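In our numbering, the protein residues as written are 3 to 643.
Beneath this line is the structure, given in structure tokens, with notes to follow.
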């Protein structure tokens, strides 16, 4: 038989119906799920866990960890590494840097396995007769910012206890007790909301506290640290603890110190209660340590860049930070959305009320910053104008409701986004601020100025003076509390602004408060300061882009002239109208755009091209304009009490 005949016969064989009936596509069934982890119970864990951290390896930025975990029976013990860290609103426990794990009991090494379905859970088989197991590990903190937030420098460190601890599954965090200690570099001071038990041989030991309290009490330590009493002779200690890259950065003038003291006074007047037995502002002033802003019940973790105190008159960018995080002691830590309270730190949190937790905190943070004098009235108005312009031009509101952005801590994980204006990430913060201004001015208008959101704050957040547990609430509770202050259809009000796609920004509170948003050719003082500090040209509302001092495009507004010219953030502007790029030259070209086009020389890697922007409108900078004859409710809101 010839080759062609053999091939033909083989083909006939392969396609015969009898053979086809014998072959079917593989269709597997799922494997049995991994055994469920023990569910948390509101019962006490027997014994006290110890956690000892050595934080002296400044050169390699390594935290050395030792733990002792008491056990009461033989068999499988499941231990958890905290995953859902309060204030992060997402599963961001840094387990990727938890390394060198070793378990021992009675001097013998114990085998361990990581749970196949939950990488934050570890299983250890405890031998008979063992009363405690020992744990050794290291936390390898970031050496440079590309690896994550820098926690340790030669001058200071930020220690969150969750980076080095395992805790038993099956228990509420408030029912697991810890003794924690830290070895610090010689000569360093420290600050934390935990109570000190002893200091000896470079080791600081703290009084026994629940894991819930420990994880909520970070520690700052540094070579240069100063502590300032913010409530002399007050009802409970409030301390400003400042550490810096150098000694000059931690010196606070009497005038600036008084502003911080006035924050405590204004918060007391607003809320009328304290939900802490003492409070510690932990502030790092550094260009080396990561910036931060994390709330805690009895403290706050605040990281700002150098110059916070020494360049006070021009540094508007971080002026609301301490007021924001302090407000969280009432809104977020004490009064907490029911879906954001969990029995331990490995149960998922749900953030659909973050527009209250963060949005109203953003509102009060800015209001208290103005009332206490962190910013002047005009600076506060400029900040409101800048924020209003952001959301008036937020094109993503055409497709995405605000409530959906409350999932962004999980979805986007705070990464850099290619088209932020269209993607609309975490807008519940500052758009939430505008919504709560809307609420405040509406209450004032309807009550003829007799009531305001201040009354809601005292009634909702200022209850149970001295209680520093947690009091949860639902949206129904929120609406009911508002109705007690001012009867209104608040549920429909929030549904339109929060739950539904809302193409128009919530700016009613501005005009009801006596101001309108307008644009002009002169930047306001806050805008100028931000450009100066970041060395950028911010032209978002004219040509629709911002660029840094080297011409790197840092932001593009969706559907703007820059967007329509097909520019993006991978590009660098090297020339403006035939001359070398500088931020000043780009701003001048936009100012002159009413008479001549804006031509940009653009570089992408080794390629160059010229782009002409279709724009002739000159500068458009936001500001607030007073509306004659309207009650100045916003002025009243910003005025100190």
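A virtual CB, placed ideally from N, CA and C, is assigned to each residue, including glycine.
Note that the structure is predicted; figures quoted are calculated from it, not measured.
Does the beta-carbon distance from residue i to residue j come in below 8 Å?
{"i": "residue 472", "j": "residue 343", "result": "yes"}
{"i": "residue 322", "j": "residue 368", "result": "yes"}
{"i": "residue 164", "j": "residue 87", "result": "yes"}
{"i": "residue 283", "j": "residue 331", "result": "no"}
{"i": "residue 311", "j": "residue 254", "result": "yes"}
{"i": "residue 132", "j": "residue 50", "result": "no"}
{"i": "residue 52", "j": "residue 70", "result": "yes"}
{"i": "residue 173", "j": "residue 45", "result": "yes"}
{"i": "residue 2", "j": "residue 430", "result": "Residue 2 is absent from the structure shown; the chain starts at 3 and stops at 643."}
{"i": "residue 595", "j": "residue 619", "result": "yes"}
{"i": "residue 627", "j": "residue 514", "result": "no"}
{"i": "residue 195", "j": "residue 467", "result": "no"}
{"i": "residue 525", "j": "residue 539", "result": "no"}
{"i": "residue 419", "j": "residue 353", "result": "no"}
{"i": "residue 204", "j": "residue 157", "result": "no"}
{"i": "residue 248", "j": "residue 295", "result": "no"}
{"i": "residue 636", "j": "residue 546", "result": "no"}
{"i": "residue 453", "j": "residue 272", "result": "no"}
According to DSSP, is residue i part of a helix, a strand, or is it coil?
{"i": "residue 428", "result": "coil"}
{"i": "residue 194", "result": "strand"}
{"i": "residue 306", "result": "strand"}
{"i": "residue 505", "result": "coil"}
{"i": "residue 598", "result": "coil"}
{"i": "residue 155", "result": "coil"}
{"i": "residue 264", "result": "helix"}
{"i": "residue 92", "result": "coil"}
{"i": "residue 629", "result": "coil"}
{"i": "residue 277", "result": "coil"}
{"i": "residue 294", "result": "strand"}
{"i": "residue 519", "result": "strand"}
{"i": "residue 420", "result": "coil"}
So is residue i buried or exposed if we call it buried at 16+ other beta carbons inside 10 Å?
{"i": "residue 385", "result": "buried"}
{"i": "residue 2", "result": "A question about residue 2 goes unanswered here, because the residues of the chain that appear run from 3 up to 643."}
{"i": "residue 520", "result": "exposed"}
{"i": "residue 170", "result": "buried"}
{"i": "residue 581", "result": "exposed"}
{"i": "residue 149", "result": "exposed"}
{"i": "residue 364", "result": "buried"}
{"i": "residue 644", "result": "The requested residue 644 is not part of the displayed model; the chain covers only 3 to 643."}
{"i": "residue 585", "result": "buried"}
{"i": "residue 565", "result": "buried"}
{"i": "residue 209", "result": "exposed"}
{"i": "residue 162", "result": "buried"}
{"i": "residue 303", "result": "buried"}
{"i": "residue 297", "result": "buried"}
{"i": "residue 423", "result": "buried"}
{"i": "residue 448", "result": "exposed"}
{"i": "residue 160", "result": "buried"}
{"i": "residue 329", "result": "buried"}
{"i": "residue 428", "result": "buried"}
{"i": "residue 623", "result": "buried"}
{"i": "residue 433", "result": "buried"}
Near residue i, what residues of its chain come up, given a Cβ to Cβ distance below 6 Å and the 5 sequence neighbours on each side ignored?
{"i": "residue 437", "result": "499 and 508"}
{"i": "residue 56", "result": "66 and 185"}
{"i": "residue 440", "result": "508, 510 and 511"}
{"i": "residue 614", "result": "599 and 601"}
{"i": "residue 457", "result": "487"}
{"i": "residue 63", "result": "143, 145 and 154"}
{"i": "residue 227", "result": "191 and 245"}
{"i": "residue 338", "result": "472 and 474"}
{"i": "residue 493", "result": "481"}
Are the C-beta atoms of residue i and some chain C residue less than 8 Å apart?
{"i": "residue 206", "result": "This model lacks chain C altogether, as it is built from one protein chain only."}
Only counting the same chain, and skipping five residues up and downstream in sequence, which positions put a Cβ closer than 8 Å to that of residue i?
{"i": "residue 320", "result": "306, 307 and 310"}
{"i": "residue 256", "result": "none"}
{"i": "residue 104", "result": "111, 137, 138 and 139"}
Who are the near neighbours of residue i in its chain, counting only those whose CB is closer than 7 Å to its CB and skipping five residues on each side?
{"i": "residue 426", "result": "396, 398, 399, 402 and 407"}
{"i": "residue 83", "result": "95, 97, 100, 122 and 168"}
{"i": "residue 340", "result": "474, 475 and 476"}
{"i": "residue 120", "result": "39"}
{"i": "residue 261", "result": "374, 375 and 376"}
{"i": "residue 234", "result": "none"}
{"i": "residue 480", "result": "358"}
Which residue spans inside the region 439-487 form an unbroken beta strand (DSSP E) run of at least 3? Complete beta strand (DSSP E) runs here, min 3: 473-475.
Which ranges would you report for the alpha helix (DSSP H) in the region 166-252 if only whole runs of at least 4 residues count? The qualifying runs are 213-217.
So within the region 301-382, which uninterrupted alpha helix (DSSP H) runs reach at least 4 residues, ignoring any that extend past its ends? With a minimum length of 4 residues, the continuous alpha helix (DSSP H) runs that stay inside the region 301-382 are 323-329, 356-359 and 361-374.
Where in the region 55-92 do unbroken runs of the beta strand (DSSP E), each at least 3 residues long, occur, reported from the N-terminal end onward? Correct list: 64-72 and 77-83.
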